Every structure is written in C-alpha cells, then in structure tokens.
Amino acid sequence: MPNHTRRLIVFLLTGITLFALLAFTPPKIPQKHYVQFQSVYELQEYLAWSPEKTPLIGAHRGGPMPGYPENALETFEHTLTYAPCLLEIDVRKTRDGRLVLMHDKTLDRTTTGKGPIGNYTYAELQQFQLVDPEGTVTPYKIPTLKEALLWAKGKAILQLDVKEPVTFEQVVDSVELYGAEAYVVIITYNLRSAQRVHQLNSGLVISASAKGIEGTRRLLASDIPARNLIAFVGVGEPNPEVYRMLHERGIRAILGTFGNLDRRAMRRGPQVYVRLLENGADVLATDNVPLAARAIEAFIHQRMQLEPVR
316 MPNHTRRLIV
326 FLLTGITLFA
336 LLAFTPPKIP
346 QKHYVQFQSV
356 YELQEYLAWS
366 PEKTPLIGAH
376 RGGPMPGYPE
386 NALETFEHTL
396 TYAPCLLEID
406 VRKTRDGRLV
416 LMHDKTLDRT
426 TTGKGPIGNY
436 TYAELQQFQL
446 VDPEGTVTPY
456 KIPTLKEALL
466 WAKGKAILQL
476 DVKEPVTFEQ
486 VVDSVELYGA
496 EAYVVIITYN
506 LRSAQRVHQL
516 NSGLVISASA
526 KGIEGTRRLL
536 ASDIPARNLI
546 AFVGVGEPNP
556 EVYRMLHERG
566 IRAILGTFGN
576 LDRRAMRRGP
586 QVYVRLLENG
596 ADVLATDNVP
606 LAARAIEAFI
616 HQRMQLEPVR
C-alpha cells in the first residue's frame, strides 16, 4: 500500500475516533455547591465570623434569573451551581392556611394568576405557573414551605422572610416539625422580633437588623447570644465601626447589595463587590449571584496573594 494512502487512512480513522468521542461524551453536569450540617451548632459555627472564613452570598428571593423565577425550588438548584448560598425566601399564607413561598401580596407580578394570594386555597394556586424576571412563563409551580424545608436538607441554608399575616410562631413550628433547625435562619426586622424568635426556639440562628452604631449596640446588649446571630447592616455601606463591633463578637455582617449596589456592579464589574468585602461585608445579599460569585473568587485570590509565606 502506498505511503500516502496509508497516511490518508490513518488520518480518516483518527478523525472518526475523535468525532465518536465528542459525539458520545456526556455533557458536563454543573457542580452543585451543597452544604450540610448535622446540628444547629454546626450551622452556628459555619455562620460565625472569623477573619479567615470565605465570604458568602445571600441569594435574594432565591436567585432568580432568565428561565428561573423567584421563590422556586428549581431556581434554588440552579443558584447553587454558582456558589454556596444562603437562599433568602419569602413565606406567605393561602386562604386555607397553607404556608407557601411568595414575595408579593398578589400573584400578578410573579405568576400567571391575578389578585391577592390570600384569596386562593393552595389547591387553587396549582392552576398557575411562575413567571421569571423577564415576564416569561415557566413550567414551575408555587412551592409550599414544607417542600422547601424538605428540599433544603443536606443542600442549602434557607433564610425565611416571614410576611404578614404569617406569624413567627407558625414558621418556627414548621421548622421544628420538619427538623430543619440545622439549616434555617429566621429573618427579623427589629430587636423585639428577634427576641421573640429566640424565645420560641433558643437554638435558631436569627438574621437581626444592625442599624447604625446605636442599633448595633442595642443588638449586642440584648439577651440573644452572638452565636445565634447574623446581622443585616442595610442596603448601603455602614459606618466601619459597625463591622468592627460585629466582628469583635464573632458575628457576620450581611450587606444588602440588591438595588443600587448591584446596579453599580453591573456597570463597573465584580471589583465593586470585592471592595465591599474588603471594607468588611461578609455576606453579599444580591440579585446577581453569578457576578457576586466571580467577585468572591477574585477576593479570595487577592487575599491569598497578600498572605505572608510561612
């Protein structure tokens, strides 16, 4: 056989082999950044502040983006392909008393339904589908709090934002019923509410407001142990003293970037978030999980570059 013919056959066989490998190689499955805790004490330790810990993302309303509506289990799974996240979700009540995930009082913005959610039974809500941030109808349905609590076990931390007329008692009862204390944080907006949640269950981690220096002092002087706290410092950068006071007690600070700070990061890039982390923020509560995840990677890289060689 002539050499040029032999080379042609080898070339063709190589091409066929490469094509077969590419054609039949299964697609890469995105990594899920799950976290798992065996007890509420492990959760407390994970959320406690120390200077060497990695910053976290708080996925506002679960991390919605095109194709993925807010407060949907499918969205939570997608969000966790970017980074470990605290999934902030909203709890409302149906006409027949079922606790479901929904931010607004009405169905109009985020579903194919209309009117107040409290006008519908849970069964009636099943006729509607969730809508993504761009207004596209998705196949996903409104989940119950029970479904979210069962889904999150061994996967993620849920931050529960309790919307009236739902009570803290009802939410804490559900958390206890499904054994979710080890992966749930209850959001509160004033010191009295935080103290009420602590009275209901002294082990639960509470997201409490630290509004300025005086508000932070009141929180730290309360009867809630630091191990039970993660502090929300607002949607704008606080006085640096707030970060110092919280960190001195081993409490992480959540900075709400959703809104103006997210828009600034969209215009200027992830370095906006990096600067917020350098200034003292520990958790970025954001509507832009992918960009925040990139920023945290950059922040960790910069920190490693600055660490002295031992």
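If you use our numbering, the sequence shown corresponds to residues 316 to 625, in order.
Glycine included, every Cβ here is placed at the ideal spot set by N, Cα and C.
Just so you know, these numbers come straight off a predicted model, no measurement behind them.
- Secondary structure within the segment 364–425: the beta strand (DSSP E) runs of 3 or more consecutive residues, fully enclosed, are 371–374, 400–408, 414–416 (chain order).
- Assignment of ILE611 by DSSP, reduced to helix, strand and coil, places it in the helix class.
- Burial check for ASP538: the Cβ neighbour count within 10 Å stays below 16, so the residue is exposed.
- Boundaries of the alpha helix (DSSP H) around LEU362: 355–362.
- For the 9 Å CB-CB criterion, LEU544 and ALA600 do not form a contact.
- By the C-beta criterion, the segment 352–367 is judged to be in contact with the segment 553–568, since at least 3 inter-stretch pairs fall below 8 Å.
- Within the same chain, ALA568, GLY595 come within 7 Å of TYR558 by CB-CB distance, once the 5 residues on both sides are set aside.
- VAL486: member of the alpha helix (DSSP H) spanning 483–492, first to last residue.
- Of all alpha-carbon atoms in GLU360, ALA467, ASN575, LEU465, the one lying nearest the alpha-carbon of ASN603 is that of ASN575.
- In the DSSP assignment, the residues bridged to ASP476 are ASP405, ILE502.
- For ILE545, the secondary structure class from DSSP, reduced to helix, strand or coil, is strand.
- Closest option to THR426, judged by alpha-carbon separation, among VAL452, LEU570, LEU561, ARG413: VAL452.
- With the rule of 3 Cβ pairs closer than 8 Å, the segment 454–468 counts as touching the segment 488–497.
- The beta carbons of GLU360 and PRO448 sit no closer together than 9 Å.
- Taken atom to atom, the span from the alpha-carbon of ARG533 to that of HIS348 is near 35 Å.
- Taking a cut-off of 8 Å on C-beta distances, the segment 380–400 does not touch the segment 579–597, as fewer than three cross pairs fall below it.
- Where VAL589 is concerned, the enclosing alpha helix (DSSP H) starts and stops at 586–594.
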